[in-house]
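Please read the structure below before turning to the comments.
Numbering (the working numbering), first residue to last: 1056 to 1704.
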């Protein structure tokens, strides 16, 4: 819904601000809403592949006054159907920057300036940098109304950046909100650092539930371990009577008085924001997310720069306890005690049986190393062997027994990366051979050819430590509403974290009707989504930070428009009528919306989540007969044009 911008007279502004705004005399910044202080997302909490750069304020709807927290000027203003939607950026007197996102409207005269630029360029999407003298703002002044533009339900995104442009913890500059609830811990993940370590007798991480001994005090069952191990915690900070699940400010692991590792969310630069992809264990997101208490190789994110060590704990002989403390942004804390018992026991092989079972091999990625698992249908007395053959020679990582019917072996990439063939030998395992491409951070850019003519180019800083990749065609393709060309292709492991973009190249399949409608799509949550694709030398190229399942598709489906208001032949009673429609697209997505009245461009807002377009009603339509022309284009260039002829007033 569009609300016309406004401006409150200065005298009334002072009265309203003093009477109702949440002001704390000693705070550097005022609370920007005339509402009780409540947040629905915290600073640096989990987002897919990144950290949240601000806090989200609860607005309980659309159209709440958004006030300037301190003196300054409007530095930037953006309008987009995506991301922050309508957003305003303020440069404050202390040289910090404040960002308000998902707004519904801008105050005047800023709103008039934005509309003027949109009309001049005939584009709803704008990114503007007015001169500093154009829009000075004073503390307490209304700058906008809250909304739900861009992505997400109604809320106000509130972000504060330091002089270097880095998002910072808002509480560090006096932005406060009430919170007396302790963080809640649900489980602990304990991970071996390498193939020499064990957690409860296994090479794979163990996920352990915790029990509360008293409010804020947790304990888990004793853990048997040896070698170097690391800890990660599934923890949230409940808010708004449990309706919101916030992230925590700090997480700390210690043994006695010695700190093992600490994560502390004071600042997250945009240059290192991708470190969020390894802040939470990328291979256990379905069970967590688990905030890790070690520094993933290559993670430059500021919250992980407080500890001198990398976070791995060498298990001593005997018994010890690791204490983990979680603290929220208001100082409430919770602790977990993890008893550790040194374990050097081995699993003894079973006696030979008359009938032997059959085995199979699975390959899993733990991020910086691979784990091969050989599992048999019955207890197995004979240990398999793993052969790794690559450019750096031949070696044979040892399988170790972790159960009567299960063996595991760990494989690390060679120092400079390279291609390796992994073979498992055992009389009761069918022939097993896998080609794995390995890449190591800092080893230089390298390109490899995957099966099926697909290419993979990895930059020197793409891997977080080490990266592994396999590519193979799939026997079946998930249904798609548009034309699929050449089947689906999977690049494994789908959850691998990637720092700098990798480049994938796909050959142009047979059967293309129009090449400019062809793109690479990725399967996400059961739906195909387009990836930005370029054509070079008869190959389709995409740059991405995600592996997974891909397919080449041709979008030959036009966008759809329905539920148009006003209807054909309607007699209007206002020169600013409601002009709305439902819009959708099955393939590449709507990229352009253009609505004209008697040839004149109208400022129309597109809500991609709601699938609606609506005229801003920011000027009068001409009197008399009117021809409304609706034009929708998708990312492949398919266009739909619909007209409505109306009369009056």
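Even glycine gets a Cβ: it sits at the ideal position worked out from N, Cα and C.
Under 8 Å between C-beta atoms of residue i and residue j
i	j	result
residue 1253	residue 1417	no
residue 1107	residue 1157	no
residue 1359	residue 1391	no
residue 1512	residue 1525	no
residue 1283	residue 1367	yes
residue 1198	residue 1248	no
residue 1290	residue 1310	no
residue 1469	residue 1491	no
residue 1420	residue 1599	no
residue 1133	residue 1182	yes
residue 1441	residue 1458	no
residue 1519	residue 1333	yes
residue 1586	residue 1575	yes
Where residue i falls, given that 16 or more other Cβ within 10 Å makes a residue buried
i	result
residue 1693	buried
residue 1320	buried
residue 1450	exposed
residue 1149	exposed
residue 1137	exposed
residue 1301	buried
residue 1028	Look at the range of the chain in this structure, 1056 to 1704, and you will see that residue 1028 is not part of it.
residue 1614	buried
residue 1700	exposed
residue 1617	exposed
residue 1224	buried
residue 1658	buried
residue 1480	exposed
residue 1698	exposed
residue 1115	exposed
residue 1101	buried
residue 1582	exposed
Coil, strand or helix - residue i by DSSP
i	result
residue 1692	coil
residue 1058	Reliability of the predicted coordinates at residue 1058 is poor, the pLDDT of 32 falling under 50, and the value obtained from them is presented with this limitation in mind. Reduced to three states, the DSSP call for residue 1058 is coil.
residue 1566	coil
residue 1571	helix
residue 1501	strand
residue 1127	strand
residue 1441	strand
residue 1179	coil
residue 1225	helix
residue 1306	strand
residue 1435	coil
residue 1326	helix
residue 1111	strand
residue 1397	strand
residue 1687	strand
residue 1406	coil
residue 1489	strand
residue 1376	strand
residue 1169	helix
Residue i versus the options, residue with shortest Cα-Cα distance
i	options	result
residue 1314	1503, 1348, 1179 and 1337	1348
residue 1472	1480, 1350 and 1423	1423
residue 1624	1601, 1616, 1415 and 1679	1679
residue 1306	1546, 1386 and 1268	1386
residue 1155	1164, 1596, 1165 and 1144	1144
residue 1281	1266, 1228 and 1373	1373
residue 1088	1458, 1196 and 1558	1196
residue 1640	1651, 1628 and 1665	1665
residue 1262	1170, 1244 and 1268	1244
residue 1165	1152, 1236, 1606 and 1141	1141
residue 1611	1554, 1651 and 1537	1537
residue 1216	1676, 1498, 1152 and 1580	1152
residue 1579	1534, 1316 and 1484	1534
residue 1646	1633, 1296 and 1695	1695
residue 1191	1508, 1128, 1275 and 1380	1128
residue 1410	1483, 1453, 1356 and 1384	1483
residue 1400	1257, 1557 and 1556	1257
Terminal residues of the beta strand (DSSP E) in which residue i lies
i	result
residue 1159	1152–1161
residue 1660	1659–1662
residue 1338	Element bounds for residue 1338: n/a, residue is neither H nor E.
residue 1646	1645–1652
residue 1466	1461–1467
residue 1319	1313–1319
residue 1620	1615–1620
residue 1600	That residue, residue 1600, is in no beta strand (DSSP E); it is neither H nor E in DSSP.
Residue i: CB within 7 Å of a non-hydrogen atom of the ligand GTP
i	result
residue 1193	What this structure holds is no ligand at all, so the ligand GTP is not there to describe.
Closer than 8 Å to chain B by CB, residue i
i	result
residue 1459	Of the chains in the structure shown, none is chain B; there is only one protein chain.
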